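Numbering (UniProt numbering), first residue to last: 1 to 445.
Every residue gets a Cβ at the ideal spot worked out from N, C-alpha and C, and that includes glycine.
These numbers come from a predicted model, not from an experiment.
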């Protein structure tokens, strides 16, 4: 690992001029790799619940609504409560240390989940996971913004989010095998262990970068939460973009949380087979969609700054036919293929969304602004997506019986049409909002 190498960003846009390269790109990519390992554990610990929902429902005699509460609402509420405080401290304290501690906590809480004796115990551990995982996205993306120049951020964040697909794959494929052969408790214990080890390594090998963008600024001078929220509310494109991101996760989490249970319950497929098929499909198409969108956004943004958002609008529109088609066919292989393609389109949102959010706020607001976005995603996305699907399924059971979950998934999937519309609306005011931020940053140089 090479040491610091400070040099100016050179001529170009005000945003580029505000960036200062502190380390070699080799070390920057090493840090990106470590962030990916950390977030893989984050994704495993968040996603493992979808793999074990069927056996948990049997052991604890739970309804679909109660399952949705564990899978989404409890996690999301605790995540939302802690997201803003963590984002606030991330803009003021050592982000590397903060992320290391939180990663150790979410890994430990996952292992404790395997020891749950009842529904309440499991809810408490899910709440602990949600609270600590509030650090994952805002802290990681804030670090990436200081390690990578503006023209590489969307692709760097997209590469980072490969870990989300990898974690989902491991939770489904490996988790499904472990659940079928050793039980859901063992699956939770094994899910948390690697992340705990990575958290310790991360603490010792990653360096905290100096925050770029404001010459001579110190952490204590970061804007208050009230000022950040006030600024966000004066950026219409950002507000709509955040709601679009939350709704993207509402649809994605609603489908992803319940599809494994759908295959086991409706198509009567063994959980190990479900896990391996879904895991590989999500990994392959998730990586293609996530990384491809990031690099494509970085390329097209040179032609028009609105292209990253246009890409998101197109991708979210395309999720609708694939998600609906996946639950209308009874062939498991065709169904998983359609579903995986839908996941691929959903995965496109990560790099363009988070990189564009950071262009619509000042450099000292990044972690807190992303924290606000993550809070919205937690409450409206992860929180309501799984819960709404479960509630719709319970409501439809008198009419559709055992296949009610199919129609609940179709109803949730249609939300992609609204999401696509919101992304397009956001693009209409994007350039004006970005220019305002660039002028503000230049005034503070």
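| Residues bridged to residue 345 by DSSP? | Per DSSP, none; premise fails for residue 345.
| My guess is that residue 417 and residue 320 are in contact by the Cβ rule of under 8 Å, so how many angstroms apart are they, rounded? | 6 Å
| Rounded straight-line distance, which links the Cα of residue 51 to that of residue 118 | The straight-line gap from Cα to Cα measures roughly 18 Å.
| task | For residue 102, count neighbouring Cβ atoms within 10 angstroms of its own Cβ and tell me buried if that reaches 16, exposed if not. | result | buried
| said: Going by C-alpha to C-alpha distance, which of 236, 420, 257 and 166 sits closest to residue 71? | reply: 257
| said: For the pair the segment 159-178 and the segment 49-65, tell me if three or more CB-CB distances fall below 8 Å. | reply: Contact holds: three or more Cβ-Cβ distances are below 8 Å.
| message | Looking at residue 126: is its Cβ nearer than 9 Å to the Cβ of residue 47? | response | no
| Helix, strand or coil: how does DSSP classify residue 22 here? | strand
| Heavy atom of the ligand GTP within 8 Å of residue 354 beta-carbon | Among the components modelled here there is no ligand, and therefore nothing to report on the ligand GTP.
| field | residue 268, DSSP secondary structure in three states | value | Looking at residue 268 - three-state DSSP - the assignment turns out to be coil, as it is neither helix nor strand.
| query | Which residue spans inside the segment 356-426 form an unbroken alpha helix (DSSP H) run of at least 4? | reply | 366-376, 384-400 and 404-413
| request: Please check the pair residue 377 and residue 246, which I expect to be a contact at CB under 8 Å, by giving their CB distance rounded to whole angstroms. | output: 5 Å
| field | Contact under 9 Å by Cβ, residue 168 with residue 44 | value | Contact: yes.
| field | Terminal residues of the alpha helix (DSSP H) in which residue 442 lies | value | 430-443
| In chain order, what residues of the same chain lie with their CB nearer than 8 Å to the CB of residue 331, ignoring the 5 residues before and after it? | The beta carbon of residue 331 sits closer than 8 Å to no other beta carbon from its chain once the five residues preceding and following it are set aside.
| task | Please classify residue 93: does DSSP put it in a helix, a strand, or coil? | result | coil
| Best match in 186, 63 and 334 for proximity to residue 274 [C-alpha to C-alpha] | 334
| said: Quick check: what's the CA-CA separation for residue 61 versus residue 24? | reply: 55 Å
| message | Considering just the uninterrupted stretch of the alpha helix (DSSP H) at residue 179, what are its terminal residues? | response | 175-182
| message | Please return the same chain residues whose Cβ sits closer than 6 Å to the Cβ of residue 366, not counting the five positions on each side in sequence. | response | 142, 145 and 358
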